[in-house]
Amino acid sequence: MKDLKREYVWWPKMNDDIEKYFLGCYECQSIGANIPETPLNRLATSPEQRVKIQIDWTESPDRNPWLVIADTKTKWIDVYPLESTSSIKIIKCLLDTFSRFALPRWLITDYGKQFSSHEFEEFRLTQGFKHVRTTPYHSISNGFAERAIRTIKDKFSKLSNVRDLKTRLMMTPFWYWKSLQSSTLRSPAELMIGRRLRCTIDNLKPSIERDRDEAFTKQTFIMIKEHKSGNLKSEIRFG
Numbered sequence: 017m018k019d020l021k022r023e024y025v026w027w028p029k030m031n032d033d034i035e036k037y038f039l040g041c042y043e044c045q046s047i048g049a050n051i052p053e054t055p056l057n058r059l060a061t062s063p064e065q066r067v068k069i070q071i072d073w074t075e076s077p078d079r080n081p082w083l084v085i086a087d088t089k090t091k092w093i094d095v096y097p098l099e100s101t102s103s104i105k106i107i108k109c110l111l112d113t114f115s116r117f118a119l120p121r122w123l124i125t126d127y128g129k130q131f132s133s134h135e136f137e138e139f140r141l142t143q144g145f146k147h148v149r150t151t152p153y154h155s156i157s158n159g160f161a162e163r164a165i166r167t168i169k170d171k172f173s174k175l176s177n178v179r180d181l182k183t184r185l186m187m188t189p190f191w192y193w194k195s196l197q198s199s200t201l202r203s204p205a206e207l208m209i210g211r212r213l214r215c216t217i218d219n220l221k222p223s224i225e226r227d228r229d230e231a232f233t234k235q236t237f238i239m240i241k242e243h244k245s246g247n248l249k250s251e252i253r254f255g
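In terms of the numbering used here, the sequence shown opens at residue 17 and continues consecutively.
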């Protein structure tokens, strides 16, 4: 949060003020338990974005499953609300993220029966990625997906002012995509789609390009109006 604020504003003792606000925020304190971080597997350097993705489940406040898909290199997270955890439902979610961000080389999952079905194996062969399953009862081998779930739940809970759960879930990943990650020193959006995401905070910054375009449009409108009324004076002089 501090890194995000520094991109837009600064004032003396800003970090202290942010920490005081955090300590006084009920939602932040109620869900900000000190959970030990799961060690992450180190990836080999690759020019590709989608080398390895991990997927895992969690339960929503309304007791429905969420499928979380996490890219280990760019730190991009997608979350899908589901009515069931069937292989067909998972395949549809994977097709959606594959169509937007390309195919991964590796897919890491647990030992759920959905991932050993005939439909899922046929899908894997068709798409051409390798499927690795984590060791049973050792979620550490799927560590980034586990941490992604905690991140999603944390940000979802802090948006408690948004009453509609579907709307809140759509808003939840956005601020994460935009936030600087300590492991990459860049935001997931910058690494995944090559640009920073614009948000409401950007309205604090003056836009020179926007002001220039508005001034040009206004001047053009005035010239057209004067031309139609016959009041536009020609700048051409005949000698």
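Backbone N, C-alpha and C fix where the C-beta goes; we use that ideal spot for every residue, glycine too. Since this is a predicted model, take the numbers as computed values, not measurements.
Asked                                                                                                   : Found
Where Y127 falls, given that 16 or more other Cβ within 10 Å makes a residue buried                     : exposed
Validate contact between the region 162-170 and the region 129-139 using beta carbons, cut 8 Å, 3 pairs : no
In DSSP terms, what Q70 is bridged to                                                                   : A86, I124
Any non-hydrogen atom of the ligand PLP closer than 6 Å to L119 Cβ                                      : As far as ligands go, the structure on display features none, and thus does not contain the ligand PLP.
Span of the alpha helix (DSSP H) around I106                                                            : 103-117
Rounded C-alpha distance that separates F160 from K91                                                   : 9 Å
Rounded distance between the beta-carbons of A205 and L196, thought under 8 Å                           : The Cβ separation is near 10 Å, so there is no contact.
Exposure of S203, with buried meaning 16 or more beta-carbon neighbours within 10 Å                     : buried
First through last residue of the alpha helix (DSSP H) which encompasses P77                            : No alpha helix (DSSP H) holds P77; DSSP gives it neither H nor E.
Beta-carbon proximity list for K234, same chain, < 7 Å, skipping 5 on both sides                        : none
Rounded straight-line distance, which links the Cα of D32 to that of D72                                : 36 Å
Sub-7 Å separation of D87 and I104 beta-carbons                                                         : no
Secondary structure of K29, DSSP reduced to three states                                                : coil
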